[in-house]
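In my numbering, the protein residues as written are 336 to 544.
So the structure is just underneath, and the comments pick up after that.
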C-alpha cells in the first residue's frame, strides 16, 4: 500500500538530510531513487520539480523542495514527533535554520568555488566573509547541546547536517564546538538508521566487478 508521503532522492546527494529528518519523524514514506543522468531529468520528475534536483517530497499531493523547507514542513505537519519549536525556542530555531540556508551556505559554496569577496566588497554579500559566518555559528553551538538549547529539534537536522558534512569533508574547520556538536548528532538512532539506508543504496549503485 502506497503511503501518503513520497521521498524523491539520490543517496549521493543532500537527500541524506531529508532521509535523516524522515527517520526522526517516524512516519511511513515511500522512496523513489532517481539517477542524475536520466530519471532526474525526465519529464515525469520535471513536472514535480522543474529544477531537476533532489531531494523533493510529495505529501498529500503537495510538493515541497529545498532541504530547509522540507525539514521545517515535516516538523510542522507531524507535530507528534516533537521536532518543531516550543514558544521559547522559536527565535533560535528560525534564526539558525535561515542562517545555515543563507549566509553559511553562501560562504561555504563560494569558498569551495574559489571565490572570496574582498574586504571592500564583503558588504555586498549576506555573509560578509567565510570566517565571519563560520565563527558566528561555532560560537552559537559552543556550550550548548543543540541549536535551541538542551532539546533536539528539526533545526539540528538541517544545521547539523551542514556541520557534519563540513567537518568530515573539510568545508568547515574542525573547531572543538563543531566536532562536539557533530559527535552528539551522529549518536542519534534516527541518524544511524538514515545513514545505513543510504549507504546500502550507494553500495547497490556501484558497478559490479
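Even glycine gets a Cβ: it sits at the ideal position worked out from N, Cα and C.
By the 10 Å Cβ neighbour count, where 16 or more other Cβ atoms means buried, how is residue i classified, buried or exposed?
{"i": "residue 438", "result": "buried"}
{"i": "residue 397", "result": "exposed"}
{"i": "residue 449", "result": "exposed"}
{"i": "residue 351", "result": "buried"}
{"i": "residue 504", "result": "exposed"}
{"i": "residue 345", "result": "buried"}
{"i": "residue 467", "result": "exposed"}
{"i": "residue 453", "result": "exposed"}
{"i": "residue 521", "result": "exposed"}
{"i": "residue 394", "result": "buried"}
{"i": "residue 478", "result": "exposed"}
{"i": "residue 338", "result": "exposed"}
{"i": "residue 535", "result": "exposed"}
{"i": "residue 388", "result": "buried"}
So, are the CB atoms of residue i and residue j less than 8 Å apart?
{"i": "residue 446", "j": "residue 465", "result": "yes"}
{"i": "residue 416", "j": "residue 358", "result": "no"}
{"i": "residue 494", "j": "residue 513", "result": "no"}
{"i": "residue 343", "j": "residue 380", "result": "yes"}
{"i": "residue 414", "j": "residue 349", "result": "no"}
{"i": "residue 366", "j": "residue 384", "result": "no"}
{"i": "residue 410", "j": "residue 525", "result": "no"}
{"i": "residue 463", "j": "residue 441", "result": "no"}
{"i": "residue 340", "j": "residue 362", "result": "yes"}
{"i": "residue 443", "j": "residue 501", "result": "yes"}
Could you pull the start and end residues of the alpha helix (DSSP H) that residue i belongs to?
{"i": "residue 488", "result": "Run containing residue 488: none; DSSP gives neither H nor E here."}
{"i": "residue 378", "result": "378–381"}
{"i": "residue 455", "result": "Premise fails: residue 455 is in no alpha helix (DSSP H) and is neither H nor E."}
{"i": "residue 407", "result": "402–412"}
{"i": "residue 536", "result": "524–540"}
{"i": "residue 469", "result": "465–476"}
{"i": "residue 432", "result": "425–434"}
{"i": "residue 356", "result": "350–360"}
{"i": "residue 509", "result": "Unbroken run through residue 509: none, as it is neither H nor E."}
{"i": "residue 440", "result": "440–447"}
Hey, residue i and residue j are a contact pair by Cβ (cut 8 Å); roughly how many whole angstroms apart?
{"i": "residue 492", "j": "residue 356", "result": "5 Å"}
{"i": "residue 420", "j": "residue 483", "result": "6 Å"}
{"i": "residue 382", "j": "residue 436", "result": "That pair is no contact at about 25 Å."}
{"i": "residue 538", "j": "residue 354", "result": "Contact doesn't hold; Cβ gap of about 15 Å is too wide."}
How is the beta strand (DSSP E) around residue i delimited, first residue to last?
{"i": "residue 341", "result": "340–344"}
{"i": "residue 365", "result": "365–368"}
{"i": "residue 621", "result": "What is shown of the chain runs 336 to 544, which leaves residue 621 out entirely."}
Query raised in the report: Is it true that the region 460–478 meets the region 504–512, where meeting means three or more beta-carbon pairs spaced less than 8 Å apart?
Result: yes
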